[in-house]
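J.: Heads up: take any position in the sequence shown, counting from 1, add 2, and you land on my numbering.
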Amino acid sequence: MRHSNISIFIPHIGCPNKCSFCNQNTISGAEKPPTAHDVTELLKDACPKLSEPHNTEIAFFGGSFTAIGREYMLSLLDAAQPFIAKYGLIGIRISTRPDKIDEEILALLKRYGVTSIELGAQSMRDEVLTANERGHTADDVKKASALIKSYGFELGLQMMTGLYKSLPDDDIFTADEIIALSPDTVRIYPTVILDGTKLGDLYKSGEYKTVPFEEEAELCADILQKFEKNGIRVIRLGLHSSEGVGSKALGGYYHPAFKEICMSILFRRQLERQVLQRNSYTVCVNPKSVSIAYGHKKCNFIYFKEKGIALKFVPDENITDIFGMKISKS
3 MRHSNISIFI PHIGCPNKCS FCNQNTISGA EKPPTAHDVT ELLKDACPKL SEPHNTEIAF
63 FGGSFTAIGR EYMLSLLDAA QPFIAKYGLI GIRISTRPDK IDEEILALLK RYGVTSIELG
123 AQSMRDEVLT ANERGHTADD VKKASALIKS YGFELGLQMM TGLYKSLPDD DIFTADEIIA
183 LSPDTVRIYP TVILDGTKLG DLYKSGEYKT VPFEEEAELC ADILQKFEKN GIRVIRLGLH
243 SSEGVGSKAL GGYYHPAFKE ICMSILFRRQ LERQVLQRNS YTVCVNPKSV SIAYGHKKCN
303 FIYFKEKGIA LKFVPDENIT DIFGMKISKS
């Protein structure tokens, strides 16, 4: 079932430190924190326009929600809570730090209609967390995840790839460790190097180096496949499209269609196992998969064409799997 969010961004507030990669104002586009009145007005405008309110959550993103001042946090929840019952929404989703979760805060969030909690794990290697000034450990992620699940919340975990001091094997390790925690959802954020951050300074000095975009996309495709095989929904792959991110990115792996690129890689790999000879083929796919099959800017079509293989992708409503296909020679 597809879920949607009414997103409310709270930049930086509550964070006890500034991570090497972080510039929340740029990522969220928010320059100042919202007031309770702002939340009320936003929801008054957004809720009546929802086509599927029963699949929608109010989502507080961008900061460390459970680390902000208690009075301010409760004012935001007070503003949001009435709209849940009025419009039949799922509830409230928050994102926070693994080291800012305990039983007292979880009991409080439960009373205010919070249903989903996302933790910024980023890496499950302590040396990577330290190098990027996260201020928490991998063990904090494990303990907070278990506690969140014990209270009946939906658990979401966020990871990053390509961080300073993190090799591809470290990113695969992080994915495997996250799978072991059995979250309901995952967000994968390939590192984007933003101006005005420590990571940006390390990149400018040459101390922090990145691999080519194509290699990172292949790695993220591997990680995406791991989560999918384990029944864990990947609800985002790559930072959301933002003018601020695009203009302030010094390097890294920002692309507005990053998930589609990774899905196209998985589609290409599957095709390669079945299309072995130089020839022309018709490939029937799920109607929603036609663009993924062709690849971003028709990269899959071109890839096979250069190998002497001509492909034609045809939508077939009888194929329900997003990666399903039926191949015949043309």
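From the three backbone atoms N, C-alpha and C, an ideal C-beta is built for every residue, glycine too.
On the criterion of 16 or more Cβ atoms from any shown chain inside 10 Å, does R95 qualify as buried, or is it exposed?
T.: To locate residue 95, count along the sequence shown from 1; it is residue 93. Flag for R95 reads buried.
J.: Check the C-beta distance from I190 over to I234 and give it rounded, since I have them as a contact under 8 Å.
T.: The residue labelled residue 190 in the question sits at position 188 within the sequence shown. The residue labelled residue 234 in the question sits at position 232 within the sequence shown. Actually they are not in contact, since the Cβ atoms of I190 and I234 sit about 11 Å apart, beyond 8 Å.
J.: Count the C-beta pairs between the segment 286-300 and the segment 210-230 that are closer than 8 Å, then say yes if the count reaches three, no if not.
T.: The segment 286-300 vs the segment 210-230: no contact.
J.: Only counting the same chain, and skipping five residues up and downstream in sequence, which positions put a Cβ closer than 8 Å to that of K135?
T.: As a first step, residue 135 must be located in the sequence shown, where it is residue number 133. Rather than Lys, the amino acid found at residue 135 in this sequence is Glu. For E135, where only same-chain residues beyond five positions count, the Cβ hits under 8 Å are N19, K20, C21, S22 and K200.
J.: Between E129 and P170, what straight-line distance do the alpha-carbon atoms span, to the nearest angstrom?
T.: As a working note, residue 129 is residue 127 in the sequence shown. As a working note, residue 170 is residue 168 in the sequence shown. About 14 Å.
J.: Confirm, please, whether the CB-CB distance from F62 to I10 is below 7 Å.
T.: If you number the sequence shown from 1, residue 10 lands on position 8. If you number the sequence shown from 1, residue 62 lands on position 60. Going by C-beta atoms, I10 is nearer than 7 Å to F62.
J.: Around the Cβ of R127, are there at least 16 other Cβ atoms within 10 angstroms (buried) or fewer (exposed)?
T.: For this step, residue 127 is matched to residue 125 along the sequence shown. That one is buried.
J.: From this set, T212, N57, K206 and V143, which residue's C-alpha is nearest S358's C-alpha?
T.: Lying before the first or after the last residue shown, residue 358 is absent from the chain, which here runs from 3 to 332.
J.: Check whether the Cβ atoms of I263 and A219 lie closer than 7 Å to each other.
T.: Counted from its first residue, the sequence shown places residue 263 at position 261. Counted from its first residue, the sequence shown places residue 219 at position 217. Closer than 7 Å, so yes.
J.: Runs of 4 residues minimum, wholly inside the segment 92-177: which ones carry the alpha helix (DSSP H) assignment?
T.: Listed in chain order, the complete alpha helix (DSSP H) runs (minimum 4 residues) inside the segment 92-177 are 105-113, 128-133 and 140-152.
J.: Would the beta-carbon of M162 fall within 7 Å of that of T212?
T.: The sequence position of residue 162 within the sequence shown is 160, counting from 1. The sequence position of residue 212 within the sequence shown is 210, counting from 1. For M162 and T212, no; Cβs fall outside 7 Å.
J.: Residues in its own chain within less than 6 Å of T139 by CB, not counting five upstream and five downstream?
T.: For the purposes of this step, residue 139 is taken as residue 137 along the sequence shown, with counting starting at 1. Here the set comprises D128.
J.: Just to confirm, is the Cβ distance from T176 to I237 under 7 Å?
T.: The count along the sequence shown starts at 1 and reaches residue 176 at position 174. The count along the sequence shown starts at 1 and reaches residue 237 at position 235. The answer is no: Cβ separation not under 7 Å.
J.: Would you identify the three-state DSSP class for G31, choosing helix, strand or coil?
T.: Your numbering for residue 31 matches position 29 in the sequence shown. Any reading at G31 is ruled out, since the residue's pLDDT is 49, under 50, leaving its predicted position unreliable.
J.: Could you please give the first and the last residue of the uninterrupted beta strand (DSSP E) stretch that includes V287?
T.: For this step, residue 287 is matched to residue 285 along the sequence shown. V287 -> beta strand (DSSP E) spans S282 to V287.
J.: Throw me the rounded Cβ distance for the I86 and G65 pair, which I believe falls under 8 Å.
T.: Taking the sequence shown and counting its residues from 1, the one referred to as residue 86 is at position 84. Taking the sequence shown and counting its residues from 1, the one referred to as residue 65 is at position 63. At roughly 21 Å, the Cβ-Cβ gap does not stay under 8 Å, so I86 and G65 are not in contact.
J.: Is the distance from the Cβ of N302 to the Cβ of R270 below 7 Å?
T.: Numbered from 1 along the sequence shown, position 300 holds the residue referred to as residue 302. Numbered from 1 along the sequence shown, position 268 holds the residue referred to as residue 270. In this structure, R270 lies closer than 7 Å to N302 by Cβ.
J.: Check whether the segment 305-317 touches the segment 255-262, counting contact only when three or more Cβ pairs, one atom from each stretch, lie closer than 8 Å.
T.: Contact between the segment 305-317 and the segment 255-262 is absent, because fewer than three Cβ pairs lie under 8 Å.
J.: How about I2 and I103: are their beta carbons less than 7 Å apart?
T.: Past the boundaries of the shown model lies residue 2; the chain is included only from 3 to 332, so the question cannot be answered.
J.: What does a CB cutoff of less than 7 Å around Y153 pick up in its chain, not counting 5 residues either side in sequence?
T.: In the sequence shown, residue 153 corresponds to position 151, counting from 1. Excluding residues within five positions, the ones whose Cβ falls inside 7 Å are L108 and K112.
J.: Could you give the first and the last residue of the continuous beta strand (DSSP E) run that contains K299?
T.: For this step, residue 299 is matched to residue 297 along the sequence shown. Where K299 is concerned, there is no enclosing beta strand (DSSP E), given that its DSSP letter is neither H nor E.
J.: Out of curiosity, what's the CA-to-CA distance linking I324 and S266?
T.: Counting from one through the sequence shown, the residue named residue 324 turns up at place 322. Counting from one through the sequence shown, the residue named residue 266 turns up at place 264. So the alpha carbons of these two residues sit roughly 11 Å apart.
J.: R280 to K228, Cα distance in whole Å?
T.: Walking along the sequence shown from the start, residue 280 turns up at place 278. Walking along the sequence shown from the start, residue 228 turns up at place 226. Their backbone Cα atoms lie some 31 Å apart in a straight line.
J.: Is it buried or exposed, K328, if we count other Cβ atoms within 10 angstroms and call 16 or more buried?
T.: Residue 328 sits at position 326 when you count from the first residue of the sequence shown. Under this definition K328 is an exposed residue.
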